[in-house]
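Some notes on the structure that comes next.
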Amino acid sequence: MTSVADFIKLQKVDFHNYIQLGMSYPSFVTWAGYYIPEFDDKQKRLSKEFQDDFISFARLRIKNQKDMQNLFTLSLAEAKADSVNHIYGVINSTFLMSEELSSCLEPCLLQIKKKFSNVLTVEPVLACNPENLSSTEAELILKAVNDKLMAEIFIFGNINNKITETCFQDFMKELNENHIKKRISLSSLKNPSLQLKALSFCNPSSVFGNTLFAEEKEITEFLKKNNVKVFFTPDFSEKENSIENLSRKIRCLLENGVSVCLGSGLKLFYGSSLSQFSSELCNKGGFSKKEVESLLQSM
Numbered sequence: 034m035t036s037v038a039d040f041i042k043l044q045k046v047d048f049h050n051y052i053q054l055g056m057s058y059p060s061f062v063t064w065a066g067y068y069i070p071e072f073d074d075k076q077k078r079l080s081k082e083f084q085d086d087f088i089s090f091a092r093l094r095i096k097n098q099k100d101m102q103n104l105f106t107l108s109l110a111e112a113k114a115d116s117v118n119h120i121y122g123v124i125n126s127t128f129l130m131s132e133e134l135s136s137c138l139e140p141c142l143l144q145i146k147k148k149f150s151n152v153l154t155v156e157p158v159l160a161c162n163p164e165n166l167s168s169t170e171a172e173l174i175l176k177a178v179n180d181k182l183m184a185e186i187f188i189f190g191n192i193n194n195k196i197t198e199t200c201f202q203d204f205m206k207e208l209n210e211n212h213i214k215k216r217i218s219l220s221s222l223k224n225p226s227l228q229l230k231a232l233s234f235c236n237p238s239s240v241f242g243n244t245l246f247a248e249e250k251e252i253t254e255f256l257k258k259n260n261v262k263v264f265f266t267p268d269f270s271e272k273e274n275s276i277e278n279l280s281r282k283i284r285c286l287l288e289n290g291v292s293v294c295l296g297s298g299l300k301l302f303y304g305s306s307l308s309q310f311s312s313e314l315c316n317k318g319g320f321s322k323k324e325v326e327s328l329l330q331s332m
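With this note's numbering applied, the sequence shown corresponds to residues 34 to 332, in that order.
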């Protein structure tokens, strides 16, 4: 048996942390100044509708750069306490689309990078949903990555619905021409052939593994051939995403020569730090401490 303490003292990479909600519930309440009566921070499966409403409400609480900076700082401080020394901080593109928030985003990111520079490397990742992608949003996203404000783009939602649309095609073409890294989630695609179609179109550098058909031969072959990294988080919102099932997927990918890494995801919703997730992979997933340590060092 391994304890959470075994991993807390290990320097690690958090490959996917939603820094707008990557903190514990008590920390969030301190920042927000209110409680959510329906919120159960011990629950592993909060409905998608509840999550969306919570995220929208939290965003409305941000009025200026200080609010935004304090919110992101909570996530980064908790990551630092967990001995994370490199973090990919995911931020939703809606921050760019809000007039009052978009002007705050760049100085906010510069400030938090400076604040944590001696202990934590922060690489911002901009998350966008192509189902809502307008030409205006596409331009703002491309400007953010070309100006080096963002290190990568995270694309989620039903990608296949947009493959034939000119706006999305042009957006992806520009990302490819500028060699901008893309990570994707295929959670909305519920069969292997649809996931493979999206993988082939997007040609990502990494893909969210929890909902990936990771044991399908064609998918593992594509991932290995194209050097696509697969990342897992303690997101158990889907019923099939038990720690045992995630462990089986990770084991299959590793045995087929695919690179795997770990992130903390939405700590506010799923209540698990990277060290807690790592301990569970050992105690319930059958991995050795050494195996999980190698996943925590992967970038």
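Just so it is clear, CB atoms sit at the ideal spot from N, CA and C, and this is done for glycine as well. These numbers come from a predicted model, not from an experiment.
Could you check what DSSP says for residue i in three-state terms: helix, strand or coil?
| i | result |
| --- | --- |
| E68 | Here the sequence assigns Tyr to residue 68, which means Glu is not the residue at that position. In this structure, Y68 counts as coil in the three-state DSSP scheme. |
| Y51 | coil |
| A171 | helix |
| N118 | strand |
| N193 | helix |
| E164 | helix |
| F241 | strand |
| E249 | coil |
| I283 | helix |
| N125 | strand |
| K42 | coil |
| L328 | helix |
| F83 | helix |
| E198 | coil |
Rounded to whole angstroms, what's the CA-CA distance from residue i to residue j? Just pull it up for me.
| i | j | result |
| --- | --- | --- |
| D180 | C141 | 15 Å |
| E210 | D203 | 10 Å |
| N260 | P237 | 9 Å |
| L256 | G122 | 23 Å |
| D100 | T253 | 42 Å |
| I120 | T106 | 12 Å |
Between the Cα of residue i and those of the options, spot the shortest distance and give me the residue it belongs to.
| i | options | result |
| --- | --- | --- |
| N243 | K176, R284 and H212 | R284 |
| Q53 | N236, F269, E111 and I41 | E111 |
| E251 | I276, D268 and N224 | N224 |
| S60 | F302, S311 and L329 | F302 |
| C294 | N103, N236 and T266 | T266 |
| F310 | F320, S297 and S321 | S297 |
| M183 | K195, K214, E207 and V291 | K214 |
| F264 | E248, E249, K258 and V291 | V291 |
| V46 | E170, E156 and E164 | E156 |
| C279 | K258, C200, F105 and L245 | Sequence check: residue 279 is Leu here, not Cys. Comparing Cα-Cα distances from L279 to each of K258, C200, F105 and L245, the minimum goes to L245. |
Excluding five sequence neighbours on each side, which residues of the same chain lie with their C-beta closer than 6 Å to the C-beta of residue i?
| i | result |
| --- | --- |
| A65 | R94 |
| K323 | none |
| G55 | S108 and K300 |
| I276 | E313, K317 and G318 |
Considering only their Cβ atoms, is the gap separating residue j from residue i smaller than 7 Å?
| i | j | result |
| --- | --- | --- |
| N118 | L143 | no |
| D115 | S308 | yes |
| L166 | L129 | no |
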